[in-house]
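*Asks:*
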Amino acid sequence: MKKAILVLVLIIGSVYQAFAQQNGKTKHMIISILEKSGKPIFGRTPPNVFITRDDTVQVQKYVEFNLKVKASEQEAAHENQIMQLLEPYYIGGWKLVSVSPAQTFNVDDNEDMTRFFFTKDE
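For the sequence shown, our numbering begins at 2 and goes up steadily by one.
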């Protein structure tokens, strides 16, 4: 009888633990990377990386994507640079949910935008 009660308590405790973990708040973040082949505007380079979170905090920064490497190493160097840009968020507990290309509205320049969607459970 004591074993049955102990097993019942353990089952109830594990079910409660599972439900308690599901009630945590999930944070969301989007990192948009704009790779532009145009020239700086008025002698100034605009930001091309935008990091937006649920709490409406947005960080804008500029990352140089014109890597000085051999043509045969260009793609690998570019992928490595993207991974270095995203690595601090992986280390910080963010999980990549999906990646998608995005449409830009500037028809005068050749622009490629990629959005990385992240979540973090707290």
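Beta carbons are placed, not taken as given, at the ideal position from N, Cα and C, and that holds for glycine. As the structure is a prediction and not an experimental result, all values here were calculated from the model.
Let me make sure I understand the geometry here. Which of K37, A77, E123 has the alpha-carbon closest to that of G93?
*Replies:* That would be E123, whose Cα lies nearest to the Cα of G93.
*Asks:* Considering only DSSP beta bridges, list what K122 is partnered with.
*Replies:* First, the residue type needs correcting, since residue 122 is Asp and not Lys in the sequence shown. DSSP, once it has assigned bridges, lists T27 as partnering D122.
*Asks:* Answer with buried or exposed for M84, where buried requires no fewer than 16 other C-beta atoms within 10 angstroms of its C-beta.
*Replies:* Classification for M84: exposed.
*Asks:* Excluding the five sequence neighbours on either side, which residues of its own chain have a C-beta within less than 8 Å of the C-beta of V8, listed in chain order?
*Replies:* Annotation note: pLDDT 41 at V8 (below 50); position unreliable, coordinate value reported separately. Within the same chain, V8 has no close Cβ partners at all.
*Asks:* Quick one: is L97 buried, meaning 16 or more other Cβ sit within 10 Å of its Cβ, or exposed?
*Replies:* The residue in question, L97, is exposed, as its Cβ has fewer than 16 Cβ neighbours within 10 Å.
*Asks:* Determine contact between the segment 45–60 and the segment 70–77, defined as no fewer than three beta-carbon pairs at a distance below 8 Å.
*Replies:* In short, these stretches do not touch, since the Cβ pair count stays below three.
*Asks:* With DSSP as the reference, label M114 as helix, strand or coil.
*Replies:* In this structure, M114 counts as strand in the three-state DSSP scheme.
*Asks:* Quick check on the burial criterion: 16 or more other C-beta atoms within 10 angstroms. Buried or exposed for D113?
*Replies:* Exposed, since its Cβ has fewer than 16 Cβ neighbours within 10 Å.
*Asks:* For E65, which beta-bridge partners are listed by DSSP?
*Replies:* None; E65 has no bridge partner.
*Asks:* What residues match up with V58 in a beta bridge as DSSP calls it?
*Replies:* Answer by DSSP bridge pairing: none, since V58 is not bridged.
*Asks:* Spell out the partners DSSP gives S33 in its beta bridges.
*Replies:* In DSSP, S33 forms a bridge with F51, R116.
*Asks:* Below 8 Å on the Cβ atoms is my contact criterion, and I expect W1 with F119 to pass it. Report the Cβ-Cβ distance as a whole number of Å.
*Replies:* In the structure as shown, the chain begins at 2 and stops at 123. Residue 1 is therefore absent and cannot be evaluated.
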